[in-house]
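Since the structure comes first, as structure tokens, the remarks are kept for the end.
Residue numbers (this note's numbering), protein chains in the order written: chain A, 3 to 517; chain B, 749 to 1453.
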């Protein structure tokens, strides 16, 4: 007795998404840890030193998290208003943060109270950063100025008032202690040299600039503003290199990953995109629940930290090989002894192997199909998204699709119709679903007009078909046009028939068109 | 035409083992069944064929155990003899010649003007090897030819069935007839199909065309009979059988479900579903432990303890026709053709046994008439037998086609599905073939009626990708070709794989598979090309094409016609091991010269539809010129009524005869086997008009008490 052959579920290739090295790499993260902060998270900065703690600026606080902690290991709360841009110094000892109240505070990471306060700005300070030697601080403010401060005596060194709008981003050079960049809502990026009293380079981004990023070599500058991410070649005097438009809302944050091999951009459209820095193509995409304001990547891509407008901090840690193993073993543990029983047994030569009959497990719709319960099988199949097509095909093959479709009430009929409408124009399913739609119309044509729900679905179906025919017609027209173009583009082949060659007759033979 | 006395066309394997109900021996150890002109004895436990009982000259038409000696079996045949065999030793004991005139064209005469009668013969006790029996008595005239329509009850009461709507009963030479309602549309469907008698009670079960089973009782008087009806089968009941104790009734039909009814409590029934194909006969062993069902797909299933299939004896499956070409698997030397619906069978020609069935469609088979099933319509094996390509097709409203490619798995020694291409073409595929190039690069070409031919190539996964190395090699489309939107018909690769010929109606196009350039076109109107074939070995510069009216041979070096002859050929076959090309009806020739070196007309009744050259294991060293072409390979061919035939040369035949004689040295077997005289009932073929008793159809034996 042969066993029942279950319905084959045809696996259709997923369109568009190709599994690459990058998708595998960027998917290799654990489920995110989510921490609720008090307000929108505006900045995330990783400490450059070993445990790689990170500072998260949200609302009136700056929290410092350990690499694997769920709770902040340190909190700085001495802000009168919303804090901005908490950043570590290159030795990880000091932290600077701007504030809505225009004061800039400097903290010792081990202490609690601000050890310095820099007052001089008149409006909120959104940008604060240390210069490369660590003795000075750069700040940028909504009063259109950016300033350099000396840490030891907390004095203002220089002030630049070249921007004509809010300064919302800035970055200092890690190689030269005098160079720094600022980006402003006046659409410009400026490079300042502390030794000169005005900007040395000017770049026009074309959109309010939200974020800046400098390559480790400092030859390239990346700016984000509006929906664009632009890369500038500094060695060529600030020439634009590429302009990327992959987000559909404002890009808010940038960061580099994989030792400068990948560029990540986060946007209000809830996506984080990963670009390759060699060809600037998007190689991966992350989806998040809310608009993203800030993005941080731990060194060696150990974790991706994302801060969102709804105050949720999402941390994804990289999966290690031990993690995946550990998870499987943990599941088994309760029945370990049972599973291990007889595992080490070495069969002897005279042993006779009694094979246990393998029980065949069938899916529920297959069990129903085996019993020829066609209607129930179809119902069962409709519950799960991928298999209805296979079951409908199977029913059609058995010649019982009509029986399965008949005798439905209003609700079930609506479900069936909406399934047809959803998938009818997919070329892979059209043949089967046309049959099904015809059968449905045959069976239920007498009930048309009795239910408004069904009628609405039928009208939708009609609309869909009209649209599709129109579309096909247009496509045929395009094809016809193309044919003409190809025909005129191809040179006509003139063939001399060998027999008539003496007479010199030239026959125009055929025009080959290969499309 | 030269007469070729030294080659002969013979039946070779693949005969029907389900032609008549098999016989289970008294001890349930053996199963005896008819198989064309011989009788086969199988072991019920190991499925092994133990003996071929050879001796009949014509189709064996009946088998029955000798009631007085359960180690012997009677057989009857269309050659007009009844033979008695010892099946444990495989020895012929006695031949009884019936003095009946047998027309030689028995099976081809349409049966509507003839009727069959049941006669009884008295076999005289004798120890002679050859016995003549002259006298016979006609018991009953006009019965159905099918032995299922005759059943014996207790004693000598006999029950016969006609093919009309009545059934009749003879009881001590009185005949009763019972009829069912003949009016209305019911009448057309409730014809009798089979009958069984209860071994103890006065009860007769009859099966009907509409799936009902009627149990008749109280039929000693013609008027007072009663019957009850049970119904489970959705279409006709093909077989009925009571268990020896009479406790159960077994029935089977198209559904391929064995139904077991409790006698007396017909509401209770057990099922044994999915037996493969529709049931033709049911036999129960005398001790009731084994059931045996024979199926329409030339299969006998042995069922143990009512529930478990313990053995399956499978012959060559005769489908509705061979849709795929005949092929020879290079690994197993087995003949490959489509068998059961949706399957491909591998049939060993040497051992006359099916090796295995490959499930191509992999779908539950629904036994229902007028349902469009998926069928394997095309298959091709590559030259090393490592790839198999199959095309399955279902022509419902729109043609559904899928092309599947199977890789040979060394570990499991069978084919494993590698790639499925659904809807490879818009129209039905008319031919597929593999390129013969032996290197890693394998190409498959499929030719379809949608006007295109496509080349499929095996693509290995890119090893540079590193991580994706678990991805297997798979097939993808490499090239799509067409020619003036004509319909292509057939394709053929040259022996070295450097040229591909595709025929488009009257035109043959020659392509280079390396670059997919159209090299040249050849044509010889009128008539569309039916088949194409490249020459082999020394004749590899020739391309042969068969049109409706002509056989043409082109020289590919000069691209011109070498010769052509007016001949109606639909099939061209190249011997892979020699230059010979055969086209049935049979001419064998070399492409280099238009003179056939072997020809034989009227091979067999019916048209030859498929043929194949099967390479021999060791070449014969026949020196006669006319049979030299058979030295390296053997030609097998299939007629339209699915007979597998082959050519046998004289030296080969002599060698076979010598072998069989060694086995069948007749021992002196003088057993006291016929002390009781037997009454033999034979249903005979009586021409109503001439009233000459002619052929024997069924053999039924009963002991006079």
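Quick reminder that beta carbons are idealized off the backbone N, C-alpha and C, glycines included.
Cross-chain neighbours of residue i in chain D, by beta carbon under 9 Å
i: residue 383(A); result: This model lacks chain D altogether, as its protein chains are A and B.
DSSP bridge partner residues for residue i (one or two, in chain order)
i: residue 1169(B); result: 1151(B)
i: residue 843(B); result: 831(B), 878(B)
i: residue 999(B); result: 988(B), 1007(B)
i: residue 6(A); result: Answer by DSSP bridge pairing: none, since residue 6(A) is not bridged.
i: residue 141(A); result: 130(A), 149(A)
i: residue 322(A); result: None, per the DSSP bridge assignment.
i: residue 107(A); result: 99(A), 119(A)
i: residue 1510(B); result: Residue 1510(B) lies beyond the residue range present for chain B, which begins at 749 and ends at 1453; the question has no answer from this structure.
i: residue 203(A); result: 193(A)
i: residue 1241(B); result: 1248(B)
i: residue 1236(B); result: 1252(B)
i: residue 1139(B); result: 1126(B), 1151(B)
i: residue 286(A); result: 276(A)
i: residue 310(A); result: 294(A)
Coil, strand or helix - residue i by DSSP
i: residue 437(A); result: helix
i: residue 1108(B); result: coil
i: residue 471(A); result: helix
i: residue 822(B); result: strand
i: residue 1432(B); result: At residue 1432(B), the pLDDT of 44 sits below 50, so the modelled position is not reliable and the matter cannot be decided from this model.
i: residue 114(A); result: coil
i: residue 757(B); result: strand
i: residue 420(A); result: helix
i: residue 578(A); result: Look at the range of chain A in this structure, 3 to 517, and you will see that residue 578(A) is not part of it.
i: residue 346(A); result: coil
i: residue 224(A); result: strand
i: residue 1118(B); result: coil
i: residue 12(A); result: coil
i: residue 1071(B); result: coil
i: residue 275(A); result: strand
Close beta carbons around residue i, own chain, < 8 Å, minus the five adjacent residues each side
i: residue 313(A); result: 38, 39, 40, 41, 42, 43, 60, 61
i: residue 1070(B); result: 1085, 1086, 1357, 1358, 1386, 1390
i: residue 227(A); result: 185, 189, 207, 208, 209, 210, 211, 212, 213, 252, 253
i: residue 75(A); result: 55, 66, 67, 68
i: residue 1017(B); result: 980, 1007, 1008, 1009, 1010
i: residue 1237(B); result: 1178, 1179, 1195, 1251, 1252, 1253, 1276, 1277, 1278
Other residues of its chain near residue i: CB distance less than 7 Å, five sequence neighbours each side excluded
i: residue 1165(B); result: 1152, 1154
i: residue 8(A); result: 364, 365, 368
i: residue 103(A); result: 82, 83
i: residue 88(A); result: 45, 47, 57, 59, 64, 97, 99
i: residue 993(B); result: 1036
Cutoff 6 Å; reference residue i; Cβ partners in own chain excluding five residues on either side
i: residue 405(A); result: 376
i: residue 439(A); result: 422
i: residue 899(B); result: 907, 943, 944, 945
i: residue 180(A); result: 195, 196, 197
Quiz item: With a cut-off of 8 Å, do at least 3 Cβ pairs link the stretch 803 to 823 of chain B to the stretch 1081 to 1090 of chain B?
Solution: no
Quiz prompt | Interface residues of the stretch 1381 to 1405 of chain B facing chain A [CB-CB below 8 Å] | solution = Along the stretch 1381 to 1405 of chain B, there is no position whose C-beta sits under 8 Å from a C-beta of chain A.
Quiz prompt | Chain-ordered residues of the stretch 240 to 265 of chain A with a beta carbon less than 9 Å from chain B | solution = Correct list: empty, as no residue qualifies.
Practice problem: Mind the definition here: the stretch 1257 to 1265 of chain B touches the stretch 1273 to 1285 of chain B only if three or more C-beta pairs lie below 8 Å; say whether that holds. | Solution: no
Quiz item: Is the stretch 765 to 784 of chain B touching the stretch 1039 to 1054 of chain B in the sense that three or more CB pairs, one from each, lie closer than 8 Å?
Solution: yes
Quiz item: Pairing CB atoms from the stretch 1115 to 1127 of chain B with CB atoms from the stretch 377 to 387 of chain A, are three or more of them under 8 Å?
Solution: no
Practice problem: Flag this pair as touching only if the stretch 294 to 313 of chain A and the stretch 264 to 272 of chain A have three or more C-beta atom pairs under 8 Å; answer yes or no. | Solution: yes
Exercise. Anything in the stretch 432 to 445 of chain A with a Cβ closer than 8 Å to a Cβ of chain B? List those residues in chain order, please.
Key: Of all residues in the stretch 432 to 445 of chain A, those with a C-beta nearer than 8 Å to a C-beta of chain B are 433, 437, reading in chain order.
Quiz item: Name the residues in the stretch 830 to 844 of chain B whose C-beta lies less than 7 Å from a C-beta of chain A; which are they?
Solution: none
Quiz item: Between the stretch 990 to 1008 of chain B and chain A, which residues of the former have CB atoms less than 8 Å from a CB of the latter, in chain order?
Solution: none
Quiz item: What residues in the stretch 188 to 199 of chain A have a beta carbon less than 7 Å from any beta carbon of chain B?
Solution: none
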